[in-house]
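One rule links them: number in the numbering used here = place in the sequence shown (from 1) + 153. We treat Cβ as the ideally placed atom computed from N, Cα and C, and that holds for glycine. Report on the structure given below.
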Amino acid sequence: MTGGGDLRGIFEFRRKTDGNDGFGGVIPGAGPVTTIFTTSGRIEIRSGDEIVLNNVPRGVSTVEITVRRQPAIKAVNTTWSIREKRSGRSYNVKMMKPDQKGAFITFTAEGGTP
């Protein structure tokens, strides 16, 4: 069970902004990655694996990041990424799971993916 004192890490929730096609049109998700909000949380490494992509081995780690529920969390989906501020590592969001009381949300995310 997670308590408020367990949330010692600092995480940036990031997503790609809308880009411009050069003719006045907007392309959703084609702009640069921008930090939308920052919050404290806890990270727990679940598993590690190695994939080979174009004959290049790459390490992939699955983590669970738990944060306190807040209004900004409602917008987060699988197109977002979470960056651990202290280490600089980024993780792609794969799944969101609220706890039974609704006080915390656990994000399952992958690090090391292209």
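Quick one: is Arg211 buried, meaning 16 or more other Cβ sit within 10 Å of its Cβ, or exposed? Residue numbering aside, residue 211 sits at position 58 when the sequence shown is read from its first letter. Flag for Arg211 reads exposed.
Separation of Glu263 from Tyr244, as counted between CA atoms: In the sequence shown, counting from the first residue as 1, residue 244 sits at position 91. In the sequence shown, counting from the first residue as 1, residue 263 sits at position 110. If I take the Cα positions, the gap works out to 5 Å.
In angstroms, rounded to a whole number, what distance separates the CA positions of Arg195 and Thr259? The residue given as residue 195 occupies position 42 in the sequence shown. The residue given as residue 259 occupies position 106 in the sequence shown. Using only the alpha carbons, I get a separation of about 9 Å.
Would the beta-carbon of Asp171 fall within 7 Å of that of Gly184? Residue numbering aside, residue 171 sits at position 18 when the sequence shown is read from its first letter. Residue numbering aside, residue 184 sits at position 31 when the sequence shown is read from its first letter. Taking 7 Å as the Cβ cut-off, Asp171 and Gly184 qualify as a contacting pair.
Look at the alpha carbon of Arg221 and the alpha carbon of Gly182, and state the distance between them as a whole number of angstroms. Locating residue 221 in the sequence shown gives position 68, where the first residue counts as 1. Locating residue 182 in the sequence shown gives position 29, where the first residue counts as 1. The straight-line gap from Cα to Cα measures roughly 26 Å.
Give me the DSSP bridge partner(s) of Asp202. To locate residue 202, count along the sequence shown from 1; it is residue 49. Partner(s): Val213.
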